[in-house]
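J.: Okay, handing you the structure first.
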Amino acid sequence: MSVVRIDQGHSATLPHVRIQPAKGLLDLDFAGLWNYRELIHILVWRDVTVRYKQTVLGVAWAMFQPVATMLIFTAVFSVMGKIPSDGFPYPVFLYAGLLPWFYISQALSRGGTSLVGEAPLISKVYFPRLILPLSATIAPLVDLALAFVAFLGLMAWFEVVPTWRVLLLPLFAGLGATIALAAGLWVSALYVRYRDVGHILPMFIQLWMFVSPILYPVSKVPEAWRAVYALNPVVSVVEGFRWALIPGFQVDFSMFLPSLIIVAVTLVGGLIYFRSMERTFADVI
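Anchor point for the sequence shown: position 220 equals 220 in UniProt numbering, and the numbering is continuous, going up by one each time.
As structure tokens, this is what we get:
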């Protein structure tokens, strides 16, 4: 596939556009991403505004959904199911897990369908295709920030005072974004060629939630299975959010290493696979 580079220095009037072949699968064209950074801003802003346009509650939907989910799950799994929460108020414990999960699920869902959803744009105009899953990963961060505001109200209700650890919350949010982007690269590229992915993705996301420690604590996982359980990268994000937000919450940080390795391998592999498939997107889509 050809790569477009913009060279601003050889003309006093108009920029020169130089088309050259990619130098290999590892030529990820980061310079092109930087040149088209305004397009990322435009796509993110469009996704945010369109999502809440002509709605009664507007951006309040970003807070209503996790709060409503928290109330229902608390009634079902805590009140009736008697699921423990390591001694912490179950609504706080649950909401701290729902925060990163709602973000990851939304980012993966939007990123996975970003290429097919922008088919007319891809078939008509050149731009680095990586921009689409990247912008789809960034946009739900707005919802995450708004949902966090609702969580502050929940903490005040239960008289939970955050500690200095809350300052490390952006690190775990960044890990969640990396997970969503890594998975979104694979899913979006596969979805272009195999439309079955569109049917599998919602079911996969739903199942992924139940194999992650959102509704229950990691302590409920049998000791013999925890090494395997730690391979799920969402475990590190959820546990990290709870550690940063809930005073006194203890985390086994040794479980983070397998997750970090899985995320790194998935991201690098996703970038290479996305790059290898990129040349066919406009033809197949």
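Backbone N, C-alpha and C fix where the C-beta goes; we use that ideal spot for every residue, glycine too.
1) For residue 219, which three-state DSSP category applies?
2) My output table needs one value for residue 91: the three-state DSSP class, helix, strand or coil.
3) Given that a residue counts as buried once 16 or more other Cβ atoms are within 10 Å of its Cβ, and exposed if not, what is residue 210?
4) Measuring only the C-alpha atoms, how far is residue 95 from residue 203?
5) Under 8 Å by Cβ, that's how I've got residue 213 and residue 228 pegged, so tell me the actual separation to the nearest angstrom.
6) In terms of residue numbering, what span does the alpha helix (DSSP H) encompassing residue 239 cover?
7) Candidates 118, 102 and 158: which alpha carbon is nearest residue 148's?
8) Express the C-alpha separation of residue 72 and residue 59 in angstroms, rounding to a whole number.
9) Which residue from 82, 247, 217 and 183 puts its Cα closest to that of residue 104?
10) Since residue 30 is in the alpha helix (DSSP H), which residue starts that stretch and which ends it?
11) Distance check for residue 151 and residue 37, CA to CA, integer angstroms please.
12) For residue 173, which option in 70, 240 and 118 has the closest C-alpha, if you only look at C-alpha atoms?
13) Put residue 191 into one of helix, strand or coil per three-state DSSP.
14) Could you give the DSSP three-state label for residue 104: helix, strand or coil?
15) Just checking my contact of residue 115 with residue 132 at CB under 8 Å: how many whole Å lie between their CB atoms?
16) Could you tell me the distance, in whole angstroms, from the CA atom of residue 92 to the CA atom of residue 186?
17) What did DSSP end up calling residue 229 once you bin it into helix, strand or coil?
18) Look at residue 142 and residue 285 and say whether their C-beta atoms are less than 7 Å apart.
19) Note the first and the last residue of the continuous alpha helix (DSSP H) segment covering residue 67.
20) Does the Cβ-Cβ distance between residue 237 and residue 171 come in under 7 Å?
21) Any idea what DSSP makes of residue 124, helix, strand or coil?
22) From the DSSP output, in three-state form, read off residue 206 for me.
T.: Let's see:
1) helix
2) helix
3) exposed
4) 22 Å
5) 14 Å between Cβ atoms; not a contact.
6) 233-245
7) 102
8) 21 Å
9) 183
10) 30-35
11) 32 Å
12) 240
13) helix
14) helix
15) 6 Å
16) 33 Å
17) helix
18) no
19) 61-73
20) no
21) helix
22) helix
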